[in-house]
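2 protein chains.
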Amino acid sequence: MDGVTTSVWGPDPLTRVAAPLREQVTERVRNAILDARLRPGDRLIERELVENLRVSRATVREVIRELEAEGLVTVVPQRGAQVTRLSAADAADIYEMRATLEALAVRRFVQRADEDQVRRLRAAVEEIKRTSRRAKGGDSHDQLVAKDRFYDVLFEGSASLPLQQTLNTLQARVRLLRATSLSVPGRPKEAAKELLAVVEAVEARDAERAAEACVLHIRNASAAATTQLGP
Amino acid sequence: MDGVTTSVWGPDPLTRVAAPLREQVTERVRNAILDARLRPGDRLIERELVENLRVSRATVREVIRELEAEGLVTVVPQRGAQVTRLSAADAADIYEMRATLEALAVRRFVQRADEDQVRRLRAAVEEIKRTSRRAKGGDSHDQLVAKDRFYDVLFEGSASLPLQQTLNTLQARVRLLRATSLSVPGRPKEAAKELLAVVEAVEARDAERAAEACVLHIRNASAAATTQLGP
DNA sequence: CGTGTCTGCTTGTCAGACAATCGGGAATCT
DNA sequence: AGATTCCCGATTGTCTGACAAGCAGACACG
Chain A
250 MDGVTTSVWG PDPLTRVAAP LREQVTERVR NAILDARLRP GDRLIERELV ENLRVSRATV
310 REVIRELEAE GLVTVVPQRG AQVTRLSAAD AADIYEMRAT LEALAVRRFV QRADEDQVRR
370 LRAAVEEIKR TSRRAKGGDS HDQLVAKDRF YDVLFEGSAS LPLQQTLNTL QARVRLLRAT
430 SLSVPGRPKE AAKELLAVVE AVEARDAERA AEACVLHIRN ASAAATTQLG P
Chain B
250 MDGVTTSVWG PDPLTRVAAP LREQVTERVR NAILDARLRP GDRLIERELV ENLRVSRATV
310 REVIRELEAE GLVTVVPQRG AQVTRLSAAD AADIYEMRAT LEALAVRRFV QRADEDQVRR
370 LRAAVEEIKR TSRRAKGGDS HDQLVAKDRF YDVLFEGSAS LPLQQTLNTL QARVRLLRAT
430 SLSVPGRPKE AAKELLAVVE AVEARDAERA AEACVLHIRN ASAAATTQLG P
């Protein structure tokens with residue numbers, strides 16, 4: 250029983266470092282969900298988490314509250330937490346929310362980011378292009394890392410904590426979707442091109458064009474994902 | 250509609266009433282923050298909450314995690330939680346996020362809400378109008394309740410849990426703002442008119458017009474609030 | 001075959017304990 | 001006096017163990 254479940258959360262011993270233990274645990278469980286080692290509908294049983302992560306139940310419960318608020322986990326009273334299931338309608342809404350909010354983030358980036366941040370955004374998109382060339386079928390791991398990097402730079406440059414927080418949780422939910430359905434058919438080249446358009450508009454300091462390019466990108470991603478989805 | 254099942258048993262899914270203690274506590278603290286009994290910058294000391302709310306520390310800590318994720322409370326490691334302080338830039342961004350997302354919610358409402366929900370939305374806005382007439386200076390308590398009601402109906406009709414969750418936290422943050430600065434000069438009549446425009450567009454099933462009216466409303470509210478704000 | 005009961009697992013909550021850390025004030029040095 | 005150092009109390013972070021309450025499935029019963 251144990252041998253199977255432990256491997257889900259990665260290497261065992263959890264040692265105390267600078268950040269609160271709680272945050273490390275949150276990250277581990279979050280990653281387990283986003284990497285689809287825990288799939289939508291799976292229950293998160295406190296005792297199991299306690300045993301496998303070697304932390305107290307109090308800590309586990311705090312972690313669950315955090316993930317609940319992020320929407321990655323759904324808690325029904327007296328029955329505990331399970332990985333959130335998203336309907337097709339939810340999926341569409343989440344993509345639409347992301348579209349409008351990322352457009353806003355891009356506008357803020359144009360307004361607020363300095364030269365260096367623009368350069369780094371360019372570098373990030375170049376990296377995406379590179380990984381997309383290597384990628385054959387679906388998204389590779391490198392591809393995902395590169396995209397994360399891109400968004401890190403983007404959010405940092407938009408210099409808005411509220412925006413960043415909200416978009417982070419939305420993006421997490423999108424990844425949940427990826428775990429729900431089969432992985433997206435992977436249109437890495439198109440995606441790279443679309444993001445390139447965003448960066449070019451940003452470099453031209455054209456907020457509106459950049460925002461539109463951004464919306465276009467998400468709409469396309471949404472369309473690609475939605476065709477894969479069932480009910 | 251399946252007239253048989255619903256009418257006999259009342260409102261569809263039996264909703265849990267006996268909420269976990271934790272949720273009651275969360276609500277209390279949240280209200281304390283939203284009503285500005287706890288002001289931005291105030292520390293939330295676990296021991297004090299334990300004593301005042303008569304619950305265990307474990308419960309208090311879970312509540313703090315929830316509020317942290319809602320953005321109402323900011324936790325710095327080893328120093329505990331304090332009511333979030335929002336900068337003027339944050340304020341602007343939050344209003345802008347609300348504008349685009351509520352526009353989306355309104356569109357969804359037009360697509361998804363049934364006749365009855367539209368009627369209830371109308372009723373809610375009428376109630377707002379009524380309270381705005383009574384109101385002299387700033388927003389009265391009735392005014393706030395009426396607006397909450399309006400948004401409850403709106404969100405329910407848009408039938409999107411992700412949207413609803415996100416908008417709820419955004420709205421909470423706006424109220425935080427209200428506590429940060431002086432209360433908004435109160436433009437209850439204008440607000441009522443603007444919301445009326447939204448409802449009329451909804452009744453005409455004109456999603457785009459409704460969305461635009463909604464954006465206009467929030468932009469105006471934002472402008473009114475922002476003039477009050479310092480750095 | 002439907003119904004009622006029992007049992008085990010899980011969640012919700014509590015109390016108490018201890019180490020680590022932070023902030024501020026006292027004591028000290030220059 | 002002013003700056004620096006040190007120490008202490010308050011507070012957070014985490015753990016352990018405990019118990020009631022609720023749910024779900026097994027089981028026995030009419």
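In order, the protein sequences belong to chains A and B. Here the working numbering is used: position 210 in the first sequence is 459, and no number is missing along the way. Here the working numbering is used: position 183 in the second sequence is 432, and no number is missing along the way. Glycine residues also receive a C-beta, built at the ideal position from the N, C-alpha and C atoms.
Counting the other CB atoms within 10 Å of its CB gives threonine 476/A a total below 16, which places it among the exposed residues.
A distance of 8 Å or more separates the beta carbons of isoleucine 343/A and arginine 279/A. The continuous beta strand (DSSP E) containing threonine 323/B extends over residues 322-325. At a cut-off of 8 Å, the C-beta of leucine 283/A has no neighbouring C-beta in chain B. Residues of the segment 404-421 of chain B whose Cβ lies closer than 7 Å to any Cβ of chain A, in chain order: Ser409, Leu410, Pro411, Leu412, Gln414, Thr415.
The beta carbon of leucine 444/A sits closer than 7 Å to those of Val374, Ile377, Phe399, His466, all from its chain and outside the five residues before and after it, given in chain order. Just so you know, the alpha carbons of glutamine 414/A and asparagine 417/B end up roughly 14 Å apart. Fully contained in the segment 333-410 of chain A are the following alpha helix (DSSP H) runs of length 4 or more, in chain order: 337-361, 364-383, 390-407. For the options Ala354/B, Glu300/B, Ala395/B, Ala450/B, the alpha carbon positioned closest to that of glutamate 405/B is the one of Ala354/B.
When 7 Å is used as the limit between beta carbons, threonine 475/A is near no residue of chain B, the shortest such separation being about 15 Å.
Within its own chain, the residues whose Cβ lies closer than 7 Å to the Cβ of lysine 438/A, once the five positions on either side in sequence are excluded, are Ser381, listed in chain order. Residue environment: arginine 286/B is assigned as exposed (fewer than 16 neighbouring CB atoms within 10 Å of its CB, all protein chains considered). Under DSSP, alanine 330/A shares a beta bridge with Leu293/A, Val324/A.
Approximately 7 Å separates the beta-carbon atoms of isoleucine 294/A and glycine 329/A; this is inside 8 Å, confirming the contact. Selection Val274/A, Asp291/A, Val322/A evaluated against valine 299/A yields Val274/A as nearest (Cα-Cα).
By the neighbour-count criterion, in which 16 or more other beta carbons inside 10 Å mark a residue as buried, arginine 292/B falls on the exposed side. At a cut-off of 8 Å between C-beta atoms, proline 269/A counts as an interface residue with respect to chain B. For alanine 462/A, the CB contacts under 6 Å within the same chain, skipping 5 residues up- and downstream, are Ala446, Val447, Ala450 in chain order. Here the alpha carbon of arginine 310/A sits roughly 13 Å from the alpha carbon of threonine 323/A. Sequence-distant Cβ neighbours of alanine 362/B in its own chain, meaning closer than 7 Å and more than five residues away, are Gly406. Just so you know, the alpha carbons of lysine 442/B and alanine 428/A end up roughly 45 Å apart.
Here DSSP, grouped into helix, strand and coil, assigns proline 269/A to coil. Here DSSP, grouped into helix, strand and coil, assigns arginine 454/B to coil.
In this structure, proline 411/A keeps its C-beta atom at 8 Å or more from the C-beta atom of glycine 290/B. For the options Asp284/B, Leu270/B, Val332/B, Arg334/B, the alpha carbon positioned closest to that of arginine 303/B is the one of Leu270/B. For the segment 316-329 of chain A, residues whose beta-carbon sits nearer than 7 Å to a beta-carbon of chain B comprise Ala318, Glu319, Gly320, Pro326.
Valine 312/B: member of the alpha helix (DSSP H) spanning 306-319, first to last residue. One thing to note: alanine 307/B has its Cβ no nearer than 8 Å to the Cβ of alanine 318/A.
With contacts defined as CB atoms closer than 8 Å, valine 394/B and arginine 369/B fail to qualify as a contacting pair. For a Cβ distance threshold of 8 Å, residue set Leu353 of chain B lies close to glutamate 345/A, ordered along the chain. Residues of chain B with a Cβ closer than 9 Å to the Cβ of alanine 441/A do not exist, since the nearest Cβ in that chain sits about 26 Å away.
Around lysine 396/B, the same chain offers Ile377 as residues with beta carbons nearer than 7 Å, after the five sequence neighbours per side are excluded. Here arginine 314/B is buried: its Cβ has 16 or more other Cβ atoms, across all protein chains shown, within 10 Å. Straight through space, the alpha carbons of serine 336/A and proline 326/A are spaced by roughly 21 Å.
Around alanine 362/B, no beta-carbon contact reaches into chain A at under 9 Å, the shortest distance being about 14 Å. Among the residues facing chain A, arginine 310/B is included, as its CB has a counterpart in that chain under 8 Å away.
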